[in-house]
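From first to last, the protein sequence lines stand for chains E and F.
My numbering applies: residue -6 is where the first sequence begins, and numbers increase by one.
My numbering applies: residue -6 is where the second sequence begins, and numbers increase by one.
Beta carbons are placed, not taken as given, at the ideal position from N, Cα and C, and that holds for glycine.
Since the model is a prediction, treat every value here as computed from it, not as a measurement.
2 protein chains.
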Amino acid sequence: MSGRSRATRPTLLVLDADPPPRLGKLTGRARIVHTDEAKLAERLPEADVLLVWDFHSKALRAAWPGEGPRPVWVHTASAGADHLLSPELIESDTVITNARGIFDEPIAEYVAGLVLAFAKDLPRTLDLQSRREWRHRETRRVGGTRACVVGSGPIGRAIARSLKALGIQAAVVGRTPRTGIHGPGDLDRLLAHADWVVCAAPLTDSTRGMFDTRRFGVMQPSAHFINVGRGPLVIEDDLVEALNRRWIAGAALDVFDREPLPEDSPLWEVPGLVVSPHMSGDIIGWRDELALQFVDLYESWVAGKPLKNVIDKKRGYVPGH
Amino acid sequence: MSGRSRATRPTLLVLDADPPPRLGKLTGRARIVHTDEAKLAERLPEADVLLVWDFHSKALRAAWPGEGPRPVWVHTASAGADHLLSPELIESDTVITNARGIFDEPIAEYVAGLVLAFAKDLPRTLDLQSRREWRHRETRRVGGTRACVVGSGPIGRAIARSLKALGIQAAVVGRTPRTGIHGPGDLDRLLAHADWVVCAAPLTDSTRGMFDTRRFGVMQPSAHFINVGRGPLVIEDDLVEALNRRWIAGAALDVFDREPLPEDSPLWEVPGLVVSPHMSGDIIGWRDELALQFVDLYESWVAGKPLKNVIDKKRGYVPGH
């Protein structure tokens, strides 16, 4: 690593959010400076380390210094790093780490819940209840159905494990085929046979907009689509069209092009679409887990040990096993 | 077995429902007579076998002949037999069988879906969506939580298996303690520590009304209660009180004292209560499975082989392993 020396107490700049992280364990071991988006560019040159706690912020892209002093390490309290990766940051020797691992099981449970809710027609049950209507329906078994999980990182793999635990045949598709992981060449065939298509891919130049009219057209009319990755992985207008034309049976979006989803967005009212506010991985206590994870990484960094969760900046994610 | 001879083509009386069973495979091997509730008493004496296809019907209790000719075998296309068991039928030598097995996995999936929906706050997500409100919430992990499944028949055990597959510690309580099954003496202690209480017990004299004010009072304020057994296992007014006073966090009822639930029932609008129309086990194709199962049993019976799924009439269910 380059940048300034770590001999003295390092400066830890925190791009903050509400609530702020609990970094009490670092008291005396870092000079902690909090900043908002407006002051970020001004404060970056004095920082050894940047903690992007406000993972909704895209401010770092514009604020990253081209030359001169800059943090040697940036950590984002999120699984995705798409909101950070400016060309200048990619080219620099600054190391980026992410919150790999924190969201895996929570998101896997969330997806399992959506799959079962769709199979058992729960949204309609709740709607009928609100109208005091007793209407018996036959619903689907999930055991024996097929899922295609797009994204072979730890979140995608955890999703596949939890779906398999329900008796679902779950295939995982990643950028690089390897044991248990299909390559991109298998994607369309798997989509065509899937009852459940789950998107948990990182947002990169090669995944942006990958779920479009053509791919929704490949899916079965009985298929459901779930996006827990990043909003721009999906062409939202194309999804709306696919639902309206009943090319697929239903969908759930937890992430969107614009977050929060604007009140006047048509997505709120598309039949068969479940809209949730980017919360699939956020279990009670998640912020504490994120802070603890950062403290652990910080201790490795101060001790000169290799950092875990280092993102391949060219690819845009932590390379998998 | 007593009753009339099976030498000639037996008379199979079907207490019908809509849609009627597909019994084509029995063509020529049984004289099939369909009846509704009104004609049931009149037709029972001429029947060798009664198929209670309309499992909502309680007409058999009143219609069962005290003396004289009567069916030697009654099959109900349901898991529960509480709707049949009049004292006269219990005392008679008529054999009763049920649809054991058909509903196990479907109901287990349904319960898993409800547990995940509660943990991930899905009903509120749908409610907020209908109001176009973006409101991020932190939700619960199910992995590591505890469930108490009341009912140790194949349905209860399937529920426990599917919850365990999600990482939930699931204890099963039955009438008779045995390997892997707790006895009634453990019930209150298990209820007091459970995050999820699932009722899948048969309705008998000893289980009727078992979920009452005292038992809801034992549960944790964060607990959710789910009934997929029979309505009268729960004192509905007590559940409403427990929810209104927030003794427990939520509940789901798929079965009720009166079905269909009357439109003016207060249950439709109790906060935290999910109402569904007795459908937890009813997957697409379930009626065909029920009919096939009966045909299989009929073939055993005609061949003089021992019948499966025979109910212990004194206990009110098929004794377990």
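When the options are compared against residue i, the one with the closest alpha-carbon
| i | options | result |
| --- | --- | --- |
| Lys32/F | Pro14/F, Lys18/F, Pro255/F, Leu8/F | Leu8/F |
| Ser79/F | Pro264/F, Pro64/F, Gly59/F, Ala70/F | Gly59/F |
| Leu37/E | Thr90/E, Arg22/E, Arg54/E, Gly21/E | Arg54/E |
| Ser145/F | Arg154/F, Gly137/F, Thr138/F | Arg154/F |
| Arg150/E | Ser293/E, Gly106/E, Gly94/E | Gly94/E |
| Val248/E | Pro225/E, Glu35/E, Arg124/E, Thr69/E | Pro225/E |
| Gly210/E | Arg239/E, Ala112/E, Pro12/E | Arg239/E |
| Leu156/F | Pro312/F, Ala92/F, Val108/F | Val108/F |
| Asp281/E | Asp257/E, Gly17/E, Leu5/E | Gly17/E |
| Arg223/E | His217/E, Arg124/E, Gly173/E, Cys192/E | Cys192/E |
| Arg168/E | Pro312/E, Leu6/E, Ile277/E | Pro312/E |
| Pro64/F | Leu82/F, Ala163/F, Ser50/F | Leu82/F |
| Ala158/F | Gly136/E, Asp41/E, His175/E, Ala110/E | Gly136/E |
| Ala23/E | Leu44/E, Ile152/E, Asp11/E | Leu44/E |
| Gly61/E | Leu77/E, Asp47/E, Asp41/E | Asp41/E |
| Asp75/F | Ser293/F, Gly274/F, Asp250/F, Thr28/F | Asp250/F |
| Asp188/F | Leu254/F, Trp66/F, Phe111/F | Phe111/F |
| Asp275/F | Asp231/E, Arg128/E, Ala105/E | Arg128/E |
Beta carbon proximity, residue i to chain E, threshold 7 Å
| i | result |
| --- | --- |
| Val135/F | yes |
| Gln213/F | no |
| Lys51/F | no |
| Thr69/F | no |
| Asp188/F | no |
| Thr138/F | no |
| Ser269/F | yes |
| Asp250/F | no |
| Tyr103/F | yes |
| Ile277/F | yes |
Distance between residue j and residue i (C-alpha atoms, nearest Å)
| i | j | result |
| --- | --- | --- |
| Val88/E | Pro3/E | 16 Å |
| Arg130/F | Val221/E | 15 Å |
| Leu300/F | Leu290/F | 6 Å |
| Ala34/E | Arg182/E | 47 Å |
| Ile228/F | Cys141/F | 19 Å |
| Pro116/E | Ile219/E | 15 Å |
| Thr206/E | Asn91/E | 32 Å |
| Phe96/E | Pro270/E | 15 Å |
| Tyr103/F | Thr132/E | 9 Å |
| Ile100/F | Ala244/E | 23 Å |
| Pro369/E | Val233/F | With chain E covering only -6 through 314, there is no way to say anything about residue 369/E. |
| Leu184/F | Asn302/E | 41 Å |
| Trp57/E | Thr118/F | 37 Å |
| Gln162/E | Thr138/E | 6 Å |
| Gln286/F | Asp47/F | 15 Å |
| Lys306/F | Asp198/F | 12 Å |
| Asp29/F | Leu5/F | 14 Å |
| Leu283/F | Ala70/F | 6 Å |
| Arg124/F | Gln122/E | 17 Å |
| Gly160/E | Pro170/E | 24 Å |
Residue i - containing beta strand (DSSP E), residue span
| i | result |
| --- | --- |
| Arg24/E | 24 to 28 |
| Ala244/F | 243 to 246 |
| Ile219/F | 217 to 220 |
| Val190/F | 189 to 192 |
Cross-strand partners of residue i (DSSP beta bridge)
| i | result |
| --- | --- |
| Thr132/E | Ile276/F |
| His175/F | Val166/F |
| Phe204/F | Val227/F |
| Trp294/F | Trp294/F pairs with nothing; no bridge assigned. |
| Arg139/F | Gln162/F |
| His68/E | Leu44/E, Thr90/E |
| Asp305/E | Tyr310/E |
| Val268/E | Leu246/E |
| Thr20/E | Ala23/E |
Proximity test, Cβ basis, 7 Å: residue i and chain F
| i | result |
| --- | --- |
| Pro14/E | no |
| Ile95/E | no |
| Ala10/E | no |
| Leu300/E | no |
| Ala110/E | yes |
| Pro264/E | no |
| Ala31/E | no |
The alpha helix (DSSP H) enclosing residue i, as first and last residue numbers
| i | result |
| --- | --- |
| Ala112/E | 97 to 112 |
| His186/F | 180 to 186 |
| Leu82/E | 80 to 84 |
| Leu8/E | Unbroken run through Leu8/E is the beta strand (DSSP E), 4 to 8; no alpha helix (DSSP H). |
| Leu121/F | 115 to 123 |
| Arg54/F | 52 to 56 |
Check: residue i C-beta below 6 Å from any heavy atom of the ligand SAH
| i | result |
| --- | --- |
| Pro259/E | Looking for the ligand SAH in the displayed structure turns up nothing, as the structure carries no ligands at all. |
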